[in-house]
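Colleague: Got a structure for you, written out below as structure tokens; questions coming shortly.
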Amino acid sequence: MLTPLEHAKKVISTVRDRSNRAILFYSAGKDSIVLLDLMSKQFDEVVCVFMYFVKDLEHINKYIRFSKAKYKNVQFIEVPHWILTKVYSTGFYCSPQKVRQLKLRDVIESMKLRTGIPYAFIGEKQSDNMNRRIKLRQYELEAISHTNNVYPLSHWKDGDVRTYIEKNQLPTPINYGKKKNKSVGMYFDTDVYLWLRDNYPDDLKKVLKQFPLSEKLLFDHDTKSN
């Protein structure tokens with residue numbers, strides 16, 4: 001039986017035999033940090049797609065700068081996160097707008113068309129939840145879907161990911177709060193806002209400039225704490 005790392009390498013090499021270029025949906029989270037390191041050793045070109053909640057945040061940019069410097073065959077495309085279409089259409093912490101609500105699959109297909117690359121890599125694991133376990137087990141090598149979405153970390157657990165990062169001296173992934181044992185992305189979350197206030201206040205200013213009503217998260221937290 002293959003180890004999780006051996007399985008991931010087999011999945012990546014299988015796709016590499018079919019295409020010398022690949023898309024990676026990169027979030028600066030632990031799974032995408034590992035995937036980028038593995039993929040950069042196999043493909044001639046890796047196009048990282050970063051979906052931003054608010055554009056040009058320094059605590060994200062430093063991961064992108066590191067990746068560009070370390071991996072010479074990597075480029076980045078930054079696009080609005082699909083969840084923003086839901087935020088704007090519902091008027092969540094903002095004025096409602098008439099926009100078509102998108103899903104992740106819409107962004108994936110758009111990036112495949114834009115780049116001409118048929119394979120998109122995503123950091124989902126069977127250990128994440130039961131739905132992903134059921135889904136991934138139906139695929140080729142339990143990792144390659146019929147729509148050419150690829151999940152090399154299918155057999156990994158969070159501990160495997162952390163071990164790989166430490167062993168290969170990769171950047172520590174963002175962790176927005178002590179209660180979070182998994183890396184999460186930017187969103188309207190009190191832990192995220194508190195972390196930004198303590199660590200990257202200029203980034204918080206950018207977020208509040210775009211979504212001023214969301215300062216209520218901090219107001220409510222500070223009121224309860226006092």
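To convert, note that position 83 of the sequence shown is 83 in full-length UniProt numbering; the numbers rise steadily by one, no gaps.
All C-beta atoms in this analysis are idealised placements derived from N, C-alpha and C, irrespective of residue type, glycine included.
As the structure is a prediction and not an experimental result, all values here were calculated from the model.
1) Taking only three categories from DSSP, how would you classify Asn226?
2) Count the other C-beta atoms from every protein chain shown that fall within 10 angstroms of the C-beta of Lys224, then say buried if there are 16 or more, exposed otherwise.
3) Looking only at its own chain, which residues have a Cβ that is under 6 Å from the Cβ of Ser89, when we skip the five neighbours before and after it?
4) Quick test of the definition: if touching needs 3 or more C-beta pairs under 8 Å, does the region 195-215 touch the region 75-82?
5) Could you check what DSSP says for Pro201 in three-state terms: helix, strand or coil?
6) May I have a chain-ordered list of the beta strand (DSSP E) segments no shorter than 3 residues that lie completely inside the region 40-78?
7) By Cβ distance below 6 Å, which residues in the same chain neighbour Lys68 in space, the five residues on each side in sequence not counted?
8) Along the chain, where does the alpha helix (DSSP H) containing Arg16 start, and where does it finish?
9) Is it the case that the CB of Ser19 approaches a heavy atom of the ligand NAP more closely than 7 Å?
10) Alpha carbon to alpha carbon, how far is Arg18 from Gln210? Give it in angstroms, no decimals.
11) Could you please give the first and the last residue of the uninterrupted beta strand (DSSP E) stretch that includes Ile117?
Modeller: Judging by the given coordinates:
1) Secondary structure of Asn226 (DSSP, three-state): coil.
2) exposed
3) Excluding positions up to five away in sequence, the list reads Val99 and Gln101.
4) Inter-segment contact for the region 195-215 and the region 75-82 is absent: fewer than three beta-carbon pairs are separated by less than 8 Å.
5) helix
6) 45-52
7) No residues qualify anywhere along the chain.
8) Pro4 to Arg16
9) The ligand NAP is absent from the structure shown, which contains no ligands of any kind.
10) 42 Å
11) Looking at the DSSP string, Ile117 is not in any beta strand (DSSP E), and its letter there is neither H nor E.
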